[in-house]
Amino acid sequence: MSDKPSVLFVCVHNAGRSQMAAGWLRHLAGDTVEVRSAGSAPADQVNPAAVEAMREVGIDITDQTPKLLEYATAQSSDVIVTMGCGDACPVFPAKRYEDWKLEDPAGKGVDAVRPIRDEIRSRVEQLLTELRPTA
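Position 61, counted from 1, in the sequence shown is what full-length UniProt numbering calls 61; the numbers after and before it change by one each time, with no gaps.
Here it is as structure tokens:
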């Protein structure tokens with residue numbers, strides 16, 4: 001890993017879980033970590049309930065758009081965190097992988113998304129501690 005590790009969050013639509021995780025990591029890590037997110041079948045827009053849930057905690061993800069997972073992006077990432085993308089996620093030797101089992105916020109209202117958001121925050125905080133043990 002370089003001085004500035006890169007983390008790629010991947011879920012199917014890149015509209016909910018991975019966008020919230022990327023938002024949390026950008027917020028908590030600042031410019032000390034390169035944050036990426038993508039999906040195996042990206043949606044047209046970020047989930048509005050995810051946007052609202054993140055807004056409630058002071059994080060704006062309205063400028064994000066779902067992106068297609070590209071081989072080069074995954075290959076050049078230090079850590080790849082998958083969230084239900086299944087076999088669509090490429091596997092590279094010598095990469096650190098984590099698979100976070102999280103409820104899919106698709107089709108849910110903001111009340112149902114809040115606990116998912118909070119679980120993602122806890123996992124991102126733990127990941128950040130592992131990436132920057134002296135921070």
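From the three backbone atoms N, C-alpha and C, an ideal C-beta is built for every residue, glycine too.
Please read these numbers as outputs of a predicted model, since none were measured by experiment.
Please name the residue, chosen from H13, P115, R26, D3, that lies closest to E125 on a Cα-to-Cα basis.
R26
Please report the residue range of the alpha helix (DSSP H) in which G39 lies.
Premise fails: G39 lies in the beta strand (DSSP E), 34-39, not in any alpha helix (DSSP H).
What residues are listed by DSSP as bridge partners for R96?
Secondary-structure assignment with DSSP links R96 through a beta bridge to V79.
Taking the alpha-carbon positions, what's the G16 to M83 distance?
Roughly 10 Å separates the two Cα atoms.
Under 8 Å: do the stretch 4-16 and the stretch 41-51 share three or more Cβ pairs, one atom per stretch?
In short, these stretches touch, since the Cβ pair count reaches three.
What residue does the alpha helix (DSSP H) around L25 start on, and which one ends it?
L25: member of the alpha helix (DSSP H) spanning 17-29, first to last residue.
So, using beta-carbon positions, are V81 and V7 closer together than 8 Å?
V81 is a Cβ neighbour of V7, given a cutoff of 8 Å.
Nearest to R114 by alpha carbon, out of Q45, R55, S37?
R55
Can you tell me where the beta strand (DSSP E) with V51 in it begins and where it stops?
Looking at the DSSP string, V51 is not in any beta strand (DSSP E); the run it does join, the alpha helix (DSSP H), is 48-56.
Touching or not, the stretch 95-109 and the stretch 61-79, by the rule of three or more beta carbon pairs under 8 Å?
yes
Inter-residue CB distance, R117 and A53 (contact presumed, cutoff 8 Å):
5 Å
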